[in-house]
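Numbering (this note's numbering), first residue to last: 175 to 309.
No residue lacks a Cβ here, since even glycine has one placed at the ideal position from N, Cα and C.
Accompanying notes for the structure given below.
What follows is the structure, encoded as structure tokens:
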């Protein structure tokens with residue numbers, strides 16, 4: 175729910191037809207069903223997707239210090255995996271433009287912070303420190 179709430183809030187700042195939005199979207203944590211749902215959300219909000227650049231953003235392993243994030247990734251907990259040595263996390267760059275509206279949709283608020291940040295596909299989303307469960 176967090177993604178739609180965030181984008182809905184961004185949409186509220188746009189001035190009307192011709193306004194554009196940009197975002198990154200991944201295949202690692204977004205199934206085709208999630209892509210479809212998000213595209214429907216954009217259409218209902220009055221947008222058309224104008225461009226998608228596949229694997230536009232690559233998150234380089236060597237240049238960043240991801241070890242602390244890996245400690246919290248669901249995929250690392252469910253499978254006994256070593257830290258990767260390849261740049262495996264990539265996102266597509268998406269551009270969308272208002273063709274009518276934009277329409278601010280009513281989105282139910284999440285019941286808790288976990289529902290805001292995570293869903294069943296959140297394999298590599300870092301757990302914010304305030305949500306970490308103390309063991």
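Check, Outcome
"Inter-residue spacing [alpha-carbon to alpha-carbon] between residue 254 and residue 262", "17 Å"
"Secondary structure of residue 191, DSSP reduced to three states", "coil"
"For residue 289, the three-state DSSP class (helix, strand or coil)", "helix"
"Buried or exposed (CB count within 10 angstroms, at least 16 for buried), residue 222", "exposed"
"Residue 236 burial status per 10 Å Cβ neighbour count (16 or more: buried)", "exposed"
"Pairwise C-alpha distance: residue 257 and residue 215", "35 Å"
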